[in-house]
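Undergrad:
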Amino acid sequence: MEDKQEPPKSQSPLVSEPADIKKFKSEDFPSQNEDEEPFYDFQAFVKLMKDPRADPIVRYTRSFLNNFLTKREFWTSEEQRKLVNDFKIFVFDKLPFYEPFKSADAANLLNAKEGMEKLIMGKLYHKCFSPCLKSQSNLIDKGHKTDLNQDAMLEEKREEFRFIDPEHLEINDKISSKLETFARLSAKELGRMNDYKAPRDKMVCALNACRVIFGFLKHLKLERDGADAFIPLLVYAILKSDVESLISNVNYIERFRYPDFLRGESSYYLSSLQGAANFVANMQMESLHVEDKQDFESKYHANQNALKKERYSRQPIDPHKNASIPREPYGPSPSDYILKPLDGATNIVLSKFAELFSPTSTSPEDYDGHQNLEGHNDITRLAQEMEEKEHARVLRELHDMFPDMDQELIGDVSIAKKYRIGACVDVLLTLSS
1 MEDKQEPPKS
11 QSPLVSEPAD
21 IKKFKSEDFP
31 SQNEDEEPFY
41 DFQAFVKLMK
51 DPRADPIVRY
61 TRSFLNNFLT
71 KREFWTSEEQ
81 RKLVNDFKIF
91 VFDKLPFYEP
101 FKSADAANLL
111 NAKEGMEKLI
121 MGKLYHKCFS
131 PCLKSQSNLI
141 DKGHKTDLNQ
151 DAMLEEKREE
161 FRFIDPEHLE
171 INDKISSKLE
181 TFARLSAKEL
191 GRMNDYKAPR
201 DKMVCALNAC
211 RVIFGFLKHL
221 KLERDGADAF
231 IPLLVYAILK
241 SDVESLISNV
251 NYIERFRYPD
261 FLRGESSYYL
271 SSLQGAANFV
281 ANMQMESLHV
291 EDKQDFESKY
301 HANQNALKKE
311 RYSRQPIDPH
321 KNASIPREPY
331 GPSPSDYILK
341 PLDGATNIVL
351 SKFAELFSPT
361 STSPEDYDGH
371 QNLEGHNDIT
381 RLAQEMEEKE
391 HARVLRELHD
401 MFPDMDQELI
411 GDVSIAKKYR
421 IGACVDVLLT
431 LSS
């Protein structure tokens, strides 16, 4: 008879153990292969969580979310990081003990981990993303205040130095002629970070922004120059962008992305983005390469005068509008990984799924199967529509970048690369050589 071991006791202070825990043999979860694009489908995770056998996992999650939101009004940013990470370690260790996760293959079990991170951060976003706490700045901790202050510094510096040219960052003359197009696309991808709540989705936006720049360097055979070539281009893209709350976004990813998922390329690009953003936030004339100081100061003062006029003419800000709180995007998460088209529909998925995480919710077996099927079909249709819109967006961006290239060829490349904009840019640059 197979030896059964009891699942490890909870290590998370915000999780209550279900009373009727069953005993299963523990299995180690295989590590992610960085050479492969990970499977990702939030809808598949939701389906597993709605299985009645997943009830202990549902109750663990409901217990954690309820305690996080009710035990204290405000946790510090470091407390939030620890609580969320401890819960993920705890619940990830539990998954192999319960069906349907126990029978899932490595890819689907990894997908369940990604789905769990997305689920809990979607529920906790309004407490954990610093710009969402801006109206309560007198009550929040130093960590969240620092995020907000650095965001403000970055925005101020971006406006102050928006006039600078590539030469001021010592960007290679070979790059300058085509830089604007690639910097603009990179900046757009950075701007899309505010459309999403999950750390993974924000990270994908950052990856796409960085991969566009790296693809450009690769095309020019300058990628071997490493950070010396890459970082100045990233700084330039930030200066030419209008992305809000960039530092808060980067810090949010760093705090709440599961550490095992932040490695290799993701870790490098996140560190690079953090360094570039901090460089802009603390920029001074002495930080730049200025050969003609008089000309630079003339442009600087002209920009300052223009800014004064712009600020005077700006309309009053609508107090009910907060651009830092994600709006529903027009498409799914931009993806240089394989992302299913449900990311933009997450709020709808969670609204149909929310009863599982209500303190008074019943068990999954009590839900009406017909209603669940209708809801699943509605989500699937929405996902398909959003996928089509995202594909159309990617094609528009690529057509704008490569106006002289055959549109059918761009379409074929997009299909082959699953509309992953960074990979598409890399291939199209090679074909345009």
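So for the sequence shown, full-length UniProt numbering puts the first residue at 1; every next one is plus one. A virtual CB, placed ideally from N, CA and C, is assigned to each residue, including glycine. In this text, all values refer to a predicted model and were calculated from it rather than measured experimentally.
Classify R311: buried if its beta carbon has 16 or more other beta carbons within 10 angstroms, exposed otherwise.
TA: Counting from one through the sequence shown, the residue named residue 311 turns up at place 311. R311 comes out exposed.
Undergrad: Applying the 10 Å Cβ sphere with the 16-neighbour rule, what's the burial state of P403?
TA: Your numbering for residue 403 matches position 403 in the sequence shown. Per the 10 Å Cβ criterion, exposed.
Undergrad: Runs of 3 residues minimum, wholly inside the region 35-87: which ones carry the beta strand (DSSP E) assignment?
TA: List check, beta strand (DSSP E) in window: nothing returned.
Undergrad: What's the C-alpha gap between E156 and Y258?
TA: As a working note, residue 156 is residue 156 in the sequence shown. As a working note, residue 258 is residue 258 in the sequence shown. Each residue's Cα considered, the two are about 32 angstroms apart.
Undergrad: Check this for me: beta carbons of L148 and S137, under 8 angstroms apart or not?
TA: As a working note, residue 148 is residue 148 in the sequence shown. As a working note, residue 137 is residue 137 in the sequence shown. Going by C-beta atoms, L148 is nearer than 8 angstroms to S137.
Undergrad: Quick check on I171: does DSSP put it in helix, strand or coil?
TA: Taking the sequence shown and counting its residues from 1, the one referred to as residue 171 is at position 171. Coil.
Undergrad: Could you give the uninterrupted runs of the beta strand (DSSP E) lying entirely in the region 219-288, keeping only those of 3 residues or more?
TA: If we require 3 residues or more, the region 219-288 turns out to have no beta strand (DSSP E) run fully inside it.
Undergrad: Measure the Cβ-Cβ separation of A276 and I231 and say whether it is below 8 angstroms.
TA: As a first step, residue 276 is located in the sequence shown; it is residue number 276 there, counting from the start. As a first step, residue 231 is located in the sequence shown; it is residue number 231 there, counting from the start. Cβ atoms of A276 and I231: closer than 8 angstroms.
Undergrad: Excluding five sequence neighbours on each side, which residues of the same chain lie with their C-beta closer than 6 angstroms to the C-beta of N249?
TA: The residue labelled residue 249 in the question sits at position 249 within the sequence shown. Hits under 6 angstroms: M193, K202.
Undergrad: Could you check what DSSP says for I140 in three-state terms: helix, strand or coil?
TA: Residue numbering aside, residue 140 sits at position 140 when the sequence shown is read from its first letter. Three-state result, I140: coil.
Undergrad: Between the C-alpha atoms of F92 and S103, what's the straight-line distance to the nearest angstrom?
TA: Working through the sequence shown from its first residue, we reach residue 92 at position 92. Working through the sequence shown from its first residue, we reach residue 103 at position 103. Their backbone Cα atoms lie some 15 angstroms apart in a straight line.
Undergrad: When you compare each of I140, L154, H391 to N282 by their alpha carbons, which one comes out closest?
TA: Taking the first residue of the sequence shown as position 1, residue 282 is located at position 282. Among I140, L154, H391, the Cα nearest to that of N282 is on L154.
Undergrad: By alpha-carbon positions, which one of Y252, E160, K174 ends up nearest to T76?
TA: On the sequence shown, position 76 is the one that residue 76 refers to. Residue Y252 is the option with its Cα nearest to T76.
Undergrad: Give me the Cβ distance between P100 and A54, rounded to the nearest whole Å; I'm assuming they're in contact under 8 angstroms.
TA: The count along the sequence shown starts at 1 and reaches residue 100 at position 100. The count along the sequence shown starts at 1 and reaches residue 54 at position 54. Rounded, the Cβ-Cβ distance is 6 angstroms, consistent with contact.
Undergrad: Assuming V290 contacts I238 (C-beta within less than 8 angstroms), just tell me the rounded distance between them.
TA: Indexing the sequence shown from 1 puts residue 290 at position 290. Indexing the sequence shown from 1 puts residue 238 at position 238. Contact doesn't hold; Cβ gap of about 19 angstroms is too wide.
Undergrad: According to the Cβ coordinates, are F68 and G115 closer than 8 angstroms?
TA: Walking along the sequence shown from the start, residue 68 turns up at place 68. Walking along the sequence shown from the start, residue 115 turns up at place 115. Against a cut-off of 8 angstroms, the Cβ pair of G115 and F68 comes out as no contact.
Undergrad: On a Cα-Cα basis, can you pick out the residue from K71, D400, E254, L179 that is closest to H219?
TA: Here residue 219 is taken as the residue at index 219 of the sequence shown, counted from 1. Closest option to H219, Cα to Cα, is L179.
Undergrad: To the nearest whole angstrom, what separates the beta carbons of Y98 and P56, a pair I think is in contact under 8 angstroms?
TA: In the sequence shown, the residue the question calls residue 98 occupies position 98. In the sequence shown, the residue the question calls residue 56 occupies position 56. Rounded, the Cβ-Cβ distance is 6 angstroms, consistent with contact.
Undergrad: Going by other Cβ atoms of all chains shown within 10 Å of its Cβ, with 16 needed for buried, is R314 buried or exposed?
TA: Walking along the sequence shown from the start, residue 314 turns up at place 314. R314 should be labelled exposed.
Undergrad: Mapping DSSP to helix, strand and coil, what is R162?
TA: Position 162 of the sequence shown, counting from 1, holds the residue named residue 162. R162 falls in the coil class under three-state DSSP.
Undergrad: Just to check my reading of the structure: L307 and S272 have Cβ atoms closer than 8 angstroms, yes? What is that Cβ distance to the nearest angstrom?
TA: Position 307 of the sequence shown, counted from the start, is the residue given in the question as residue 307. Position 272 of the sequence shown, counted from the start, is the residue given in the question as residue 272. About 28 angstroms; that fails the 8 angstroms criterion.
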